[in-house]
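First the structure, in the form of structure tokens, and then the observations on it.
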Amino acid sequence: MGILNCTPDSFYEGSRKQTEYEIAARADEIIGEGGVIIDVGAYSTRPGATAVSMEEEMARLRGALTVIRRGHRDARISVDTFRPEVARMAVEGFGASVINDVSEGSQMMYEEVARLKVGYVLMSVEPDMRSMIERFRREVTLLQNLGVGEIILDPGFGFDKEVIEGNYQVLREMGSLKTEFPDMPLLVGVSRKRMIHQLLNCKPQDAEALQGTMLVNLIALQQGAEILRVHDVKEAVNTIKVYRCFSHSA
């Protein structure tokens, strides 16, 4: 899952794409480097980011999705949003097939996703694995009762967790999510986040942050992750290739 942020203030400067040329080039890059899903965000969730109105979020997404569809008519697109109205626009207007909810959802969003018949990324904002599993149980039951068929679980690295110890404890225990929810894919999004660049005393754009990201992604694959949400698609694809070769030959 390659990240395409049509925002001016996402935490990693290299992911910010606003002009038509930048958006088209980034979509081409994601697909060309082996990405399977283009994940489009128009509302930055970094700490301290400026709030964006629904109208502005929709306007940014319409522009970006128009450009992406122009070059990649059949690409699988997920949209980052916590607003049901935005989800509806992206699905009905541009054929988005996954809603990547950055808020751990709401009843209105659950109902909208069920009506739209698309996939749903349920992300946790809980600080530890025990509370995460307890809440996921309730939310998964609600989603299944509404008829949502594709539920993807995201532990929510970087969201309401202690930067170092909290995030890495969740990483260590992530295999328990596969035990508890064996039929639901796990999505991991750690790309260049504070849990990596703060630990390594570097900046998000530094090579060390990329190296740390790929190592954490490898650990996540070992813990059962099936989808990696990344800025650096080529490097992630190579990490997956190496992991698959190792695991198949073991």
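Here the sequence shown is numbered in my numbering, starting from 15 and rising by one per residue. By construction, the Cβ of each residue, glycine as well, lies at the ideal position given by its N, Cα and C atoms.
Using a threshold of 9 Å, state whether the C-beta atoms of residue i and residue j are closer than that.
i: Pro141; j: Met122; result: no
i: Ala41; j: Ile51; result: no
i: Gly85; j: Ala38; result: yes
i: Met209; j: Val177; result: yes
i: Val251; j: Gly48; result: yes
i: Arg102; j: Glu70; result: no
i: Gly180; j: Val244; result: no
i: Phe96; j: Gly133; result: no
i: Val154; j: Pro169; result: no
i: Ile166; j: Ile241; result: yes
i: Asp174; j: Ser205; result: no
i: Met188; j: Gln158; result: no
In the DSSP assignment, find the unbroken alpha helix (DSSP H) run with residue i in it and report its ends.
i: Ile44; result: Glu34 to Gly46
i: Gly77; result: Met68 to Gly85
i: Ser190; result: Gly189 to Glu194
i: Gln237; result: Here Gln237 belongs to no alpha helix (DSSP H), and DSSP marks it neither H nor E.
i: Tyr124; result: Gln121 to Leu130
In the DSSP assignment, what are the bridge partners of residue i?
i: Asp168; result: Met137
i: Ser205; result: DSSP output for Ser205 lists no bridge partner at all.
i: Asn114; result: Asp94 and Val135
i: Leu200; result: Leu167
i: Gly109; result: Gly109 is not bridged to any residue.
i: Val54; result: Leu18 and Val93
For residue i, which of the options has the nearest alpha-carbon?
i: Pro199; options: Phe173, Asn19, Leu235 and Glu118; result: Leu235
i: Val105; options: Val81, Ser120, Arg76 and Ser117; result: Arg76
i: Glu148; options: Leu191, Cys259 and Leu160; result: Leu191
i: Val93; options: Ile113, Gln219 and Ile17; result: Ile113
i: Arg129; options: Arg144, Ser111, Val139 and Met143; result: Ser111
i: Tyr182; options: Ile254, Val54, Leu156 and Leu213; result: Leu213
Specify the secondary structure class of residue i as computed by DSSP and reduced to three states.
i: Gly161; result: coil
i: Phe25; result: Only weak support exists for where Phe25 lies, its pLDDT of 47 falling under 50; the value from the coordinates is given anyway. Coil, per DSSP.
i: Arg30; result: Confidence is the limiting factor: at Arg30 the pLDDT is only 48, short of 50, which leaves the residue's position unreliable and the question unanswerable from this model.
i: Met15; result: coil
i: Val244; result: strand
i: Asn181; result: helix
i: Ser294; result: Here the chain comprises residues numbered 15 to 264, so residue 294 is not present and cannot be evaluated.
i: Arg97; result: coil
i: Gly49; result: coil
i: Met228; result: helix
i: Leu213; result: coil
i: Glu249; result: helix
i: Thr64; result: coil
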